[in-house]
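If you're matching them up, the sequences are chains F and X in order. Following this note's numbering, the numbering of the first sequence begins with 25 at its first residue and continues without gaps. Following this note's numbering, the numbering of the second sequence begins with 10 at its first residue and continues without gaps. Just below is one structure, and these are the notes that go with it.
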Amino acid sequence: MPLLYLSISWLTGIFAGSIIALPAWLLALSLTLIVPVIFLPRYRKILLLSAFCYLAVIGGALRYQSTVQPLDNAQLQYYNEKGTLQVQGMVSGAPEIKNSSISFRLSADNIAVNDAASAVRGDVLVRLPFYKEIRYGDVLRLIGELETPQQFDDFDYKNYLANQGIYSIMNYPKTVLLERSKGFMPLSWIYDLRDKLAQSLSMSMPEPQSSLAQAILLGLRGNIPADLMQSFYYTGTTHLLAISGLNLTIILGMIVTAAILLFGRKNKLYIWLSLSLIWLYTLLTGMPATVVRAAVMGSVFLIAELVGRQRNSIAALALTAALMVGIEPGILRDTSFQLSALSMLGLALILPYFNRFSSVADHPLYSVKNLVIIGFGSTLAAVLATWPVIAINFHQFSLVSMPATFFAMPSFAAIIVASILTAAAGLIWQPLGWLMGLLAWLFLSYFLLIIQIFSALPLVFIQNINLQLWQVILYYIILATIILILQNYPRISEFLKSSVSESMSIFNSIRARPLKSYGVYILVILLIANIFIWIGFAGLPDGKLHVSVFDVGQGESILIRTPEGQNVLIDTGPDPKSAAVQLGKSLPFWDRKIDLLILTQPQSDHTSGSLQIIQTCEVKKLVLSPLPPHSVFYEELDKLVEMKSLKTVTAHAGQEISLGRGGRLMILTPPVTMLTGTADDINNNSLALRLSWNSVSFLFTSDIERDAERYLMENRASLRSDILKVAHHGSRNSTSDDFLAIVRPSAAVISAGEQNRFGHPHREVLDRLNEWIGMNRVFITSKCGTVEFISDGQKLWYKTEKIAGK
Amino acid sequence: MTGRLKQLAEIVTDFFFPRQCIGCGKAGDFICDQCSKKLPRLLPPICQKCGKPESSSIYCPACWKKQGGIDSIRSVFIFNGMIRTAIHELKYYNLKAIAACLAKYMADYINENKISGSIVVPVPLHSRRLRERGYNQSGLLADEFARLVDLPVLNCLLRIKDSQPQARTTNVNMRRENVKDAFSCLNKGIVDQQVILIDDVCTSGATLEACADKLKKAGAKHVLGFTLAREI
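What follows is the structure in structure tokens.
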């Protein structure tokens, strides 16, 4: 197959070019192979092929060298570590939100060092606080320092960015927005659509399911909570989170099936439609190498369908790799591209062995058996083909990667289908989005469950693997030899036949007959409905009061769920996601309303999640402290409040909120004329609240310090409470002995992050609490996780997420 | 000129979508020389009428009694092994390009056995199934075959009843019933013609006979059912 040989030669050439520089005159040497053709017509074919292969090798090497440019002052990289300067350019990629920052790619065209401006070329990765509104096509002036990307111990970040053509980064520069929408218009529409779909998903589902759906469907991984991400690492299933060939193949299969149903196959409209849709989707995902790889291969298969030819996975993969590497030679060293290509190669070469065990699907049970075989075969094939590359790049390997993938896989197609429907439905009409969201939520929850079960297993994660390059190469040589022997030994024909026609099983499944009995479908629907009814019942208001102090790291967020099922959220945690994730865990999946959102003070450890929550939950009313706005963040909050026409109230001491059935929420601080001259006026003027219902009471003291405590003690009598939310994450400037003597709590909760840089909670506070209530009644979120108190108005129970002391 | 362009297009297509033997996987053609020798040919002695293997080499017992519309049926292969795979690839896996390769065997058979005809007619597909599949595999075979033996193709048959696929029926009577009145013939240029009726597979012959009935009624002089494969 000339295509295969030429592609491999081309790839070899590019690889060789990245190591040694070859002179162009070597091209002429190919003549030594072409000239003999005249004299040796018998060997014409082989000689011509060798000549072209030779040309491809040298051409590849030259192609690589053409991308290497000398470093001069016309390149952005030249200005790395040269101090503060001004860079001007356009946002050339879709911005990505990750934890509490937004990062994007800026194509610079102008640079000014000490007011001397000059033209410049190059891309910089810029990081800004998450609430900055940056869009593709914005023209910005950045004032900051250009840095060379850092090298991490376990991750070659510098190389990772270099493979994407980025050699400089800029962290938290000052920005000036010069112009908007200067980008390529269709691309900005696509990115807008992506944002809208992401928004629709997060409105339609609770966290973390919605973040997961955004990652799987749209490639937006930044929103996934850190501890969940850890579980994915631990189980070696991060490949399921990245949009991979698998996602695209499933989507392609859906599109093709739908297009055939709609338009039939008589005219070729279905092929053209599918082609344009998968490329639209590829653009939508931001064109990561894995998706482009799958899209090119999918296109090759679709064109094979058009011209009525065989779909040869290996030839298609070789062509795809040659094309992609030819366009962007750096990609050859990109790990995700390597993994994507290798797993495809594994599927094409190893999966056919498993296909032999599957039987004709004339009975539902056989279909299940075939699915199991194919699922097992494809995961094994992918793992066998990729694990050394994972191990040598990340120095770690998860033993449960395969079983976890195998069990998670069945839900995968359902997740993609249901997420697409949810996102689309949410765009049309939100209630429809909620309805579809239920389905997606169910499959996503199954997926999460699998990941969590496997990540809970001990001793499955091998770290600090030190694999040498020669060992990896040896492994692949051995693997290739085994495959070759298997191919040539027992009945070559059997094997290759299946590799030709069955490696693209998605195309075959299109023609699979539907199950004859509708009974199976009805049974499945009933089963799903049953699950929903049970989960729904479990989340109905139970007539009790629930107070959950969320584990949001170093920050604060507390949910009060009243006996009638009203939700009051006090503060929103230190980052955009964690409070939303906790809400998703605490509230039933159908409940997405917050009747009252209280921001006790404007500092970021209390307010960072508010934008997200106002955007995605149905917030009825917002209560703010009278403290003056603290940062640019508040401008964004104001904009959002206006857009949603959200009712806002500024609170001060003396106000009272009725929560129904006699429940009351009293505002204790700050007084109408705020406290001044205290040790910290912001902390001391934050909103302290007291919740009481029948004979139980809670005191939420936000971040108040000694001065505000003294004010409270001087002015009020009703401080006594059963549960005390300890002020200011357990800082030693709060929670004085006098104060504790008046409150006399029977239990206390401290909201603090693990090993936070403030040393919260402070030893002295713990000592004081120990003296007044005893250590076994003091809950710290960093140790216990989320702490939930439940009360019937008389008695109190508590539940902690983790067993304390661990 | 168009011929040259077509050739060039073929070379380019072959480069990007290399042909592989459906039997052994060897690159080159859809059926390689070696596998070609091993194809399950339907060799004489056969019944002179229905074409089934028959030791007497004249008429088989069933054909003695029958006064059917079709004059005779011939098939190149037994529907088995690689030929079964090939027909499945052609019918269900969109491998349209293999039609030319298969039609070559049919043309060779006609030439070797000195069978004559004046016109080629493919067994049609119902419009609904045509929409589902995108093409008529018998039509593809007929076109390529006609090109090789230099005869005109006439698409004069129509499938008017969307009967269930013959492959899902169980016995001969059911099959006959299934295709009864399933076809109609447009009376154009068929009068006094020697028709070669092309289909991919013949099982009981019911489909071919139903077609032949209509062709005869429309004035055809002689109808030969000619299929690539025969289910025995």
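Ideal Cβ positions, reconstructed from N, Cα and C, are used throughout, including at glycine.
In the DSSP assignment, A712(F) forms a beta bridge with T693(F). Close to chain X, meaning a Cβ-Cβ distance shorter than 9 Å, are the following residues of the segment 313 to 327 of chain F: V324 and I327. Using a Cβ-Cβ cut-off of 7 Å, R66(F) does not count as an interface residue toward chain X, since no Cβ of chain X sits closer than that to its own. Taking one beta carbon from each stretch, the segment 130 to 147 of chain F and the segment 107 to 121 of chain F have 3 or more pairs nearer than 8 Å; the two touch. For E580(F), no beta strand (DSSP E) segment is defined, and its DSSP state is neither H nor E. K225(X) and L139(X) have their C-alpha atoms spaced approximately 25 Å apart. Among the residues of chain X, those whose CB is under 8 Å from the CB of P26(F) are F24 and P27, following chain order.
For the segment 116 to 136 of chain F, the set of positions with a beta-carbon nearer than 8 Å to some beta-carbon of chain X is empty.
The beta carbon of A106(X) sits closer than 7 Å to some beta carbon of chain F. Closer than 7 Å at the C-beta level to chain F, one finds these residues of the segment 129 to 155 of chain X: L139, R140, E141, R142 and G143. The alpha-carbon separation between S268(F) and L423(F) amounts to approximately 21 Å. Using a Cβ distance threshold of 7 Å, L711(F) and S726(F) count as a contacting pair. For K290(F), the nearest CB of chain X lies under 7 Å from its own CB, placing it at the interface with that chain. The beta carbon of K826(F) is closer than 6 Å to those of C808 and G809 in its chain, skipping five residues each way along the sequence.
Of all residues in the segment 221 to 238 of chain X, none places a beta-carbon less than 7 Å from a beta-carbon of chain F.
By the 16-neighbour rule on beta-carbons within 10 angstroms, D599(F) is buried. C-alpha of K75(X) to C-alpha of A219(X): approximately 14 Å in a straight line. At the C-beta level, E729(F) and D746(F) stay beyond 7 Å of one another. The DSSP-derived three-state label of S479(F) is helix. Taken in chain order, the whole alpha helix (DSSP H) runs of length 4 or more contained in the segment 31 to 59 of chain X are 42 to 46. From the beta-carbon of N164(X), no residue of chain F is found nearer than 8 Å; the closest lies around 15 Å away.
Per the coordinates, the alpha-carbon of A85(F) lies some 19 Å from the alpha-carbon of P26(F). Nearest in C-alpha terms to G143(X), of all of K100(X), I119(X), A151(X) and Q173(X), is K100(X). The residues C165, in chain order, have a CB closer than 7 Å to that of K197(X) in the same chain once the five nearest residues on each side in sequence are set aside. At a cut-off of 7 Å between beta carbons, R616(F) makes no contact with chain X. Going by C-alpha positions, N336(F) is about 7 Å away from F26(X). Within the same chain, Cβ atoms closer than 7 Å to the Cβ of S610(F) are found at S572 and L583, the five residues on either side in sequence being excluded.
Beta-bridge partners of L64(F) (DSSP): none assigned.
For M433(F), the enclosing alpha helix (DSSP H) starts and ends at S425 to I452.
Distance from the CA atom of T805(F) to the CA atom of N757(F), rounded to whole angstroms, is 20 Å. A distance below 6 Å between beta-carbons, with the five flanking residues on each side excluded, links K35(X) to the following residues of its chain, in chain order: C41. Take T359(F), set aside five residues on each side of it, and the residues of its chain with a beta-carbon closer than 6 Å to its own are N417, in chain order. Judged by DSSP in its simplified three-state form, K568(F) adopts coil rather than helix or strand. Apart from sequence neighbours up to five positions away, the residues of its chain that approach P54(X) with a beta-carbon distance below 8 Å are P62, E63, S64, S65 and S66, ordered along the chain.
Contact of G83(F) with chain X is not assigned, every C-beta pair being separated by 7 Å or more. Against chain F, the CB of N89(X) has no partner CB under 7 Å away; the residue lies outside that interface.
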